[in-house]
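Colleague:
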Ligand SMILES: [Zn+2]
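In the working numbering, the protein residues as written are 301 to 511.
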């Protein structure tokens, strides 16, 4: 039996996965897609009391400029542990706000993190001990108008390109996609008018012949 509240929901499909949409204020290993090492830009650093599973604690927290990146559907602030703080100091030589704001970090999942509450091994988010190369800034070019494909609403440029490539066989921008769809709708209307007129002409021919 499916509970009523579940009936309204759609089952996940394709690459959608458990954990990616969980309710949490802070970034966890489950937020990162397996096999992806997302690159993020530090927005601000904080030191504040944060609510953890084991209670409230004073923690360093990093917020990021991105809301969504390849590998993380919902970018949340990262609570910085001692290991990640050391990595930041190693790669950027300092861990003050002035140094870190605007800097890039690349995250990965370490499967051998000791859970402080159970002592068991768990997955943890680690910052790679290397300054990442800036993410690919080379735009995807629209196969129709030749302009770079841009993101629209909650869709990234990559997603727009992929959706339209599936629809039309070539990656095109949202504007060209709209034009193509409007054109095909118009063509259909014209075909209907054409068929209509052909019928009228044949009716007229028939009338003239006195049929
Ligand atoms: Zn275009």
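Idealized CB from N, CA, C, for every residue including glycine. Every value quoted in this text rests on a predicted model; they were computed, and no experiment measured them.
Mind checking which residues open and close the alpha helix (DSSP H) that includes residue 467?
Modeller: Run containing residue 467: 457 to 468, per the alpha helix (DSSP H) assignment.
Colleague: Can you tell me where the beta strand (DSSP E) with residue 346 in it begins and where it stops?
Modeller: It spans 339 to 352 - the beta strand (DSSP E) in which residue 346 sits, taken as one unbroken run.
Colleague: Look up residue 370 in the DSSP assignment and say whether it is helix, strand or coil.
Modeller: DSSP places residue 370 in coil when its eight states are reduced to three.
Colleague: My output table needs one value for residue 384: the three-state DSSP class, helix, strand or coil.
Modeller: DSSP places residue 384 in helix when its eight states are reduced to three.
Colleague: Considering only the alpha carbon of each residue, which of 472, 480 and 385 lies closest to residue 450?
Modeller: Per the Cα distances, 472.
Colleague: Quick one: does the C-beta of residue 444 sit closer than 6 Å to a heavy atom of ligand 1?
Modeller: It does: the Cβ of residue 444 is within 6 Å (strictly closer) of some heavy atom of ligand 1.
Colleague: Thinking C-beta only, is residue 375 closer than 7 Å to residue 366?
Modeller: Their beta carbons are under 7 Å apart, which means residue 366 touches residue 375 by this criterion.
Colleague: Check whether the Cβ atoms of residue 345 and residue 400 sit closer than 7 Å, and answer yes or no.
Modeller: Cβ distance < 7 Å, so residue 345 and residue 400 count as in contact.
Colleague: Given 6 Å as the limit, tell me if residue 427 has its C-beta closer than that to any heavy atom belonging to ligand 1.
Modeller: Result no, Cβ not under 6 Å from ligand 1.
Colleague: Does the pairing of the segment 309 to 323 with the segment 336 to 350 give three or more beta-carbon distances under 8 Å?
Modeller: Not touching, per the Cβ criterion.
Colleague: Just curious, the alpha helix (DSSP H) that residue 304 is in, first and last residue?
Modeller: Residues 304 to 307.
Colleague: Looking at the structure shown, is residue 317 part of a helix, part of a strand, or coil, going by DSSP?
Modeller: It is coil, neither helix nor strand.
Colleague: Just how far apart, CA to CA, sit residue 368 and residue 326?
Modeller: Each residue's Cα considered, the two are about 14 Å apart.
Colleague: Where DSSP assigns a beta bridge to residue 359, which residues make up the other side?
Modeller: Paired residue(s): 348.
Colleague: Going by the C-beta, is residue 463 closer than 6 Å to any heavy atom of ligand 1?
Modeller: No, ligand 1 has no heavy atom inside 6 Å of this Cβ.
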